[in-house]
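The next block holds one structure in the form of C-alpha cells; read it before the comments.
Number of protein chains: 2
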Amino acid sequence: MAIQDVPGSMGTSASFILRLGQAIFSSASLLSMSLGVDFYSYTAFCFLVTVMGLVIPWSFTLALLDGYFILVQCPVRQLGILLVIVIGDWVLSILTLAAASSTAGIVDLLLQADESFCPPQYCSRYLISALLAFLSWIFSLASSLFNLWLLPSL
Amino acid sequence: MAIQDVPGSMGTSASFILRLGQAIFSSASLLSMSLGVDFYSYTAFCFLVTVMGLVIPWSFTLALLDGYFILVQCPVRQLGILLVIVIGDWVLSILTLAAASSTAGIVDLLLQADESFCPPQYCSRYLISALLAFLSWIFSLASSLFNLWLLPSL
Numbered sequence: 086m087a088i089q090d091v092p093g094s095m096g097t098s099a100s101f102i103l104r105l106g107q108a109i110f111s112s113a114s115l116l117s118m119s120l121g122v123d124f125y126s127y128t129a130f131c132f133l134v135t136v137m138g139l140v141i142p143w144s145f146t147l148a149l150l151d152g153y154f155i156l157v158q159c160p161v162r163q164l165g166i167l168l169v170i171v172i173g174d175w176v177l178s179i180l181t182l183a184a185a186s187s188t189a190g191i192v193d194l195l196l197q198a199d200e201s202f203c204p205p206q207y208c209s210r211y212l213i214s215a216l217l218a219f220l221s222w223i224f225s226l227a228s229s230l231f232n233l234w235l236l237p238s239l
Numbered sequence: 086m087a088i089q090d091v092p093g094s095m096g097t098s099a100s101f102i103l104r105l106g107q108a109i110f111s112s113a114s115l116l117s118m119s120l121g122v123d124f125y126s127y128t129a130f131c132f133l134v135t136v137m138g139l140v141i142p143w144s145f146t147l148a149l150l151d152g153y154f155i156l157v158q159c160p161v162r163q164l165g166i167l168l169v170i171v172i173g174d175w176v177l178s179i180l181t182l183a184a185a186s187s188t189a190g191i192v193d194l195l196l197q198a199d200e201s202f203c204p205p206q207y208c209s210r211y212l213i214s215a216l217l218a219f220l221s222w223i224f225s226l227a228s229s230l231f232n233l234w235l236l237p238s239l
C-alpha cells in the first residue's frame with residue numbers, strides 16, 4: 086500500500102485534525118484543572134497538569150509539521166522520524182491514560198464525599214478536566230495506531 | 086525473520102513466562118484487594134477487582150496454550166488467532182493500566198487523610214494491590230508488543 090493511502094499517518098490531513106484535537110483537548114483539560122482551582126492539594130491532579138504540559142507542546146509541534154507537509158504535498162517517509170513519533174505518541178498516550186484514570190478515580194471519590202470536602206463548582210471542573218484528558222487520550226491513541234500501521238511498510 | 090526467532094511471541098517459552106507472570110501478579114492483586122478489606126466502598130477498587138477478574142482467566146488460558154505449544158514444538162502461525170490475541174492483550178492492558186492508576190490515585194489520597202478514614206492495615210493492602218496491578222500491566226504490555234511485532238510477517 087502506498088504511504089499516502091494510510092489515512093491518519095504523519096503528513097495527511099486526517100493526522101492534522103487528530104493532532105489539532107489532541108492540542109485543543111489537552112489545553113482545555115489543563116485550563117479547566119489549573120485556573121482558579123487548588124489542584125496542587127492532590128497528587129493525581131498535579132500529575133495530570135504535568136502530563137498535559139508535555140502533551141500540549143508535542144501535539145502542537147506535530148500539528149504544525151503536519152500542516153507544513155500538507156502544504157508542500159510531501160508525506161514523511163523516513164523510518165527514523167516515524168519511529169521517534171510512534172514511540173513518543175505511545176509514551177504520552179500511556180501517561181495521559183494513567184493521569185486521566187487517576188483523576189477520574191479521585192473525582193468519583195470526591196463526588197461521594199460531603200460538600201465541605203469538595204465544593205460543587207470545584208468538583209465539576211475536576212470532572213470536566215478528566216473527561217477532556219480522556220478525549221485527548223483517544224485522539225493520541227488513534228494517531229499512534231495509524232503511524233504504527235505505516236511502520237512495517239518502510 | 087522466522088517466527089520462532091521472535092522471543093516472547095505466542096508459543097515460545099518467554100511468552101509462557103510472561104503469561105505466568107500476568108496470571109500470578111493479577112491473582113495476587115485481586116487477593117490483596119478483596120480478602121478482608123471493604124473494597125466495594127470505592128468505585129475504582131471495584132473496577133480493579135473486575136478487571137483483574139478478566140485478566141486472570143485470559144492469562145491463565147494463554148499460559149496453558151503456550152505450555153501446550155512448547156510441548157508439541159509448534160508455534161502459532163495463524164493470522165486470525167494472533168490478531169485476536171493481540172487485540173485482547175491491548176484491551177486488557179489498557180483496562181489494567183486505567184484500573185491500576187485510579188487505584189494508585191485513591192490510595193495516595195487515603196494515605197494523606199487521617200487514620201480514621203483509612204486504617205494502616207487496609208491502606209497497605211490497597212497499595213500492594215495497586216503495585217501488583219502495575220506489574221501485571223507491564224507483563225501484559227510486553228507480551229502484546231512481542232505479538233504485535235510478529236503480525237506483519239504473517
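The listed protein sequences derive, respectively, from chains A and B.
Using this note's numbering, the first residue of the first sequence is number 86, and each one after it goes up by one.
Using this note's numbering, the first residue of the second sequence is number 86, and each one after it goes up by one.
Cβ atoms here follow ideal geometry from the backbone N, Cα and C, with glycine treated the same way.
Take Ile141/A as the anchor and find which of Ser126/A, Ser98/A, Tyr127/A and Ser178/A has the nearest alpha-carbon.
In the first sequence, counting from the first residue as 1, residue 141/A sits at position 56. Check the Cα spacing between Ile141/A and each of Ser126/A, Ser98/A, Tyr127/A and Ser178/A: the tightest is with Ser178/A.
With a threshold of 8 angstroms on Cβ separation, who are the neighbours of Leu236/B within its own chain once the five nearest residues in sequence on each side are excluded?
Working through the second sequence from its first residue, we reach residue 236/B at position 151. Contacts found: Leu164, Leu167, Leu168 and Val171.
Verify the contact flag: Ser209/B, CB atom, against every heavy atom of the ligand FAD, threshold strictly below 7 angstroms.
Among the components modelled here there is no ligand, and therefore nothing to report on the ligand FAD.
Positions along the region 125-136 of chain A whose CB lies within less than 7 angstroms of some CB in chain B:
Along the region 125-136 of chain A, going in chain order, the ones with a CB nearer than 7 angstroms to a CB of chain B are Tyr127, Thr128 and Ala129.
To the nearest angstrom, how far is it from the Cα of Ser238/B to the Cα of Val176/A?
Taking the second sequence and counting its residues from 1, the one referred to as residue 238/B is at position 153. Taking the first sequence and counting its residues from 1, the one referred to as residue 176/A is at position 91. Roughly 25 angstroms separates the two Cα atoms.
Take every Cβ of the region 145-160 of chain A, pair it with every Cβ of the region 94-110 of chain A, and state whether three or more of those distances are shorter than 8 angstroms.
yes
Local conformation of Tyr127/A per DSSP, three classes:
Taking the first residue of the first sequence as 1, we reach residue 127/A at position 42. Tyr127/A falls in the coil class under three-state DSSP.
Answer with buried or exposed for Asp174/A, where buried requires no fewer than 16 other C-beta atoms within 10 angstroms of its C-beta.
Against the first sequence, residue 174/A aligns to sequence position 89. Looking at its Cβ environment, which holds 16 or more other Cβ atoms inside 10 Å, Asp174/A is buried.
Taking Pro237/B as part of the alpha helix (DSSP H), name the residues at either end of that continuous run.
By one-based count along the second sequence, residue 237/B stands at place 152. Per DSSP, Pro237/B belongs to no alpha helix (DSSP H) and is neither H nor E.
Contacts that Pro237/B makes with chain A (C-beta to C-beta distance below 8 angstroms):
Your numbering for residue 237/B matches position 152 in the second sequence. Under the 8 angstroms cutoff, chain A gives Pro237.
Please confirm if the region 206-226 of chain B is in contact with the region 180-188 of chain B, defined as three or more CB-CB distances below 8 angstroms between the two stretches.
yes
State the Cα-Cα distance for the pair Leu120/A and Pro204/B, rounded to the nearest angstrom.
To locate residue 120/A, count along the first sequence from 1; it is residue 35. To locate residue 204/B, count along the second sequence from 1; it is residue 119. Cα to Cα, the separation comes out at about 34 angstroms.
What is the DSSP secondary structure of Ile88/B, reduced to helix, strand or coil?
As a first step, residue 88/B must be located in the second sequence, where it is residue number 3. Confidence at Ile88/B is low in this model, with a pLDDT of 47, below 50, so the placement of that residue should be treated as unreliable; the coordinate-derived value is given next. Correct three-state label for Ile88/B: helix.
Roughly how many angstroms lie between the CA atoms of Thr97/A and Pro160/A, to the nearest whole one?
Within the first sequence, numbered from 1, the residue matching residue 97/A stands at position 12. Within the first sequence, numbered from 1, the residue matching residue 160/A stands at position 75. Their Cα atoms are separated by approximately 7 angstroms.
Which term fits Thr181/B, buried or exposed, when burial requires 16 or more other beta carbons within 10 angstroms of its beta carbon?
For the purposes of this step, residue 181/B is identified with residue 96 of the second sequence, where counting begins at 1. Under this definition Thr181/B is a buried residue.
Let me check understanding here. Comparing Cα to Cα, which of Phe132/B, Gly93/B and Ile109/B lies closest to Ile155/B?
Mapped onto the second sequence, residue 155/B falls at position 70. If we check each option's Cα against that of Ile155/B, Gly93/B comes out closest.
For Leu139/A and Ala184/B, what's the separation of their Cα atoms in angstroms?
Numbered from its first residue, the first sequence carries residue 139/A at position 54. Numbered from its first residue, the second sequence carries residue 184/B at position 99. Taking the straight line joining both Cα atoms gives about 23 angstroms.
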